[in-house]
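Taking it in order: structure first as structure tokens, then the write-up.
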Amino acid sequence: MTAKLRRITYVEDDADIASMVQLCLSDIAGFDLQICSSGAEAVAKTAGFAPDLILMDMRLPDMDGLAAHRALQAIAGLEATPVIFMTARAGAGEAETYRQNGALGLIAKPFDPTTLAKEILRMWQDSQANRAA
Amino acid sequence: MQDQLRALIAKHCSWLSAQVADIATCMDNLKSGDSGGAADVRKAIELTHQISGTSGSMGFRAVSARALELEEHLLEIEKMNDFHDDARYARARSLLGLLRDAAGGATPENSSLYNVDLARL
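Have a look at this one:
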């Protein structure tokens, strides 16, 4: 049985990009979206939101995305929450690093707002299919 | 929602102008040599990185590409740890000029997202 993607925590410090993602993922695609502007805010708030998926920018004001993800994984209930990283450095080497850190995938910045929701959904469905196999 | 999208793009265009002006200030400070250079180059790298990451997502791919070119050149200057090399500075100025030209043409109506039909996404 595959789980449906409903709740997404998005960690991003750029307010305009966060607004664009909110428009794409929440207003248009209908996901329940929580936005956090720093790693510390994500650590403080995400457990209460209980997301199905974490969308993590790599450059945050207080820590990098990998460190923020590790901090979230240390919280009860979030140990196995899947993550997708967003980064301007999306080369093959980086992608492998992120996969080794348990990422479902990598979204390159700049991203295409018109396909963002579909891209995330595709990564989610692929991971669900792999889990079921 | 279309109005929301267009308002976001318009806000980005204003931000972009200010951002490019701030990069130019960093470059001026670098040339004057008062600050030693490292801090100016680091700040310019941060500013160009923000542009390369955000402008493309606002429908201005050419601006993003120009910002990335400048960012990579500034990273090279930082890596060389030589902030007063005339040739590298001239190249940075040239790339800044290209970025400024691209950013100057970034009006909301010129965004590739301006006329996107959100209802069809």
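Listed in order, the protein sequences are those of chains Z and H.
Numbering-wise, this note's numbering comes out as the position in the first sequence, counting from 1, plus 673.
Numbering-wise, this note's numbering comes out as the position in the second sequence, counting from 1, plus 2.
Ideal Cβ positions, reconstructed from N, Cα and C, are used throughout, including at glycine.
#1: By DSSP, does ALA46(H) sit in helix, in strand, or in coil?
#2: Please list the terminal residues of the continuous beta strand (DSSP E) segment that includes GLN707(Z).
#3: For GLY38(H) and chain Z, any beta-carbon pair shorter than 7 Å?
#4: Which residue comes first and which comes last in the alpha helix (DSSP H) that contains GLY778(Z)?
#5: Closest by CA to THR109(H), which one among ALA40(H), GLN4(H), ARG8(H)?
#6: Spatial neighbours of ILE748(Z) within its chain, please: C-beta separation below 6 Å, excluding the five flanking residues on both sides.
#7: Taking buried to mean at least 16 other C-beta atoms within 10 Å of its own C-beta, is MET3(H) buried or exposed?
#8: Specify the secondary structure class of THR27(H) as computed by DSSP and reduced to three states.
#9: Is any non-hydrogen atom of the ligand SAM found closer than 6 Å to the C-beta of PHE85(H), if you look at the structure I gave you?
#10: On the premise that ARG63(H) lies in contact with LEU100(H), defined as a C-beta separation below 8 Å, what is that separation, rounded to the nearest angstrom?
#11: Look up VAL118(H) in the DSSP assignment and say whether it is helix, strand or coil.
#12: Counting contacts by CB-CB distance shorter than 7 Å, is VAL118(H) in contact with chain A?
#13: Would you grab the beta carbon distance between ALA790(Z) and ALA702(Z) for me? Rounded to a whole angstrom, and I think it's under 8 Å.
#14: By Cβ distance below 6 Å, which residues in the same chain neighbour TYR91(H) in space, the five residues on each side in sequence not counted?
#15: Beta-carbon within less than 6 Å of LYS33(H)'s beta-carbon, same chain only, minus the 5 sequence neighbours each way: which residues are those?
#16: What residue range is occupied by the uninterrupted beta strand (DSSP E) comprising ILE79(H)?
#17: Looking at C-beta atoms only, is the number of pairs between the stretch 772-786 of chain Z and the stretch 48-61 of chain H that lie closer than 8 Å three or more?
#18: How do the stretch 16-29 of chain H and the stretch 78-89 of chain H stand: do at least 3 beta-carbon pairs fall below 8 Å, yes or no?
#19: For the stretch 698-763 of chain Z, list the beta strand (DSSP E) runs that are entirely contained and at least 3 residues long, ordered along the chain.
#20: Mind checking which residues open and close the beta strand (DSSP E) that includes ARG102(H)?
Short version:
#1: Within the second sequence, residue 46(H) is the residue found at index 44, counting from 1. Here ALA46(H) sits in helix by DSSP.
#2: Locating residue 707(Z) in the first sequence gives position 34, where the first residue counts as 1. It spans 705-709 - the beta strand (DSSP E) in which GLN707(Z) sits, taken as one unbroken run.
#3: In the second sequence, counting from the first residue as 1, residue 38(H) sits at position 36. Chain Z contact via Cβ: absent.
#4: The residue labelled residue 778(Z) in the question sits at position 105 within the first sequence. Counted as a single uninterrupted DSSP element, the stretch harbouring GLY778(Z) is not any alpha helix (DSSP H) but the beta strand (DSSP E) occupying residues 776-781.
#5: Along the second sequence, read from residue 1 onward, the residue named residue 109(H) stands at position 107. Of ALA40(H), GLN4(H), ARG8(H), the residue nearest in Cα terms is ARG8(H).
#6: Within the first sequence, residue 748(Z) is the residue found at index 75, counting from 1. Excluding sequence neighbours, ILE748(Z) sits near ALA720.
#7: For the purposes of this step, residue 3(H) is taken as the residue at position 1 of the second sequence. Taking a 10 Å sphere around the C-beta of MET3(H), we find fewer than 16 other C-beta atoms and assign the residue as exposed.
#8: By 1-based counting over the second sequence, the position of residue 27(H) is 25. Here DSSP, grouped into helix, strand and coil, assigns THR27(H) to helix.
#9: This structure lacks the ligand SAM, and indeed carries no ligand of any kind.
#10: Along the second sequence, read from residue 1 onward, the residue named residue 100(H) stands at position 98. Along the second sequence, read from residue 1 onward, the residue named residue 63(H) stands at position 61. About 14 Å separates the two Cβ atoms, so there is no contact after all.
#11: Taking the second sequence and counting its residues from 1, one reaches residue 118(H) at position 116. Secondary structure at VAL118(H): coil, using DSSP grouped into helix, strand and coil.
#12: Of the protein chains in the structure, Z and H, none is chain A.
#13: Taking the first residue of the first sequence as position 1, residue 790(Z) is located at position 117. Taking the first residue of the first sequence as position 1, residue 702(Z) is located at position 29. Confirmed, about 4 Å.
#14: For the purposes of this step, residue 91(H) is identified with residue 89 of the second sequence, where counting begins at 1. Once the five neighbours on either side are set aside, TYR91(H) has no close Cβ partner at all.
#15: Against the second sequence, residue 33(H) aligns to sequence position 31. Take LYS33(H), set aside five residues on each side of it, and no residue of its chain has a beta-carbon closer than 6 Å to its own.
#16: If you number the second sequence from 1, residue 79(H) lands on position 77. For ILE79(H), no beta strand (DSSP E) run applies; the uninterrupted alpha helix (DSSP H) run containing it begins and ends at 63-82, by DSSP.
#17: Flag = yes, the stretch 772-786 of chain Z and the stretch 48-61 of chain H touch.
#18: The answer is no - the stretch 78-89 of chain H does not touch the stretch 16-29 of chain H, with fewer than three Cβ pairs under 8 Å.
#19: Inside the stretch 698-763 of chain Z, DSSP marks whole beta strand (DSSP E) runs of 3 or more residues at positions 705-709, 726-730, 756-760, from first to last along the chain.
#20: For the purposes of this step, residue 102(H) is identified with residue 100 of the second sequence, where counting begins at 1. Segment 88-106 is the alpha helix (DSSP H) holding ARG102(H); no beta strand (DSSP E) there.
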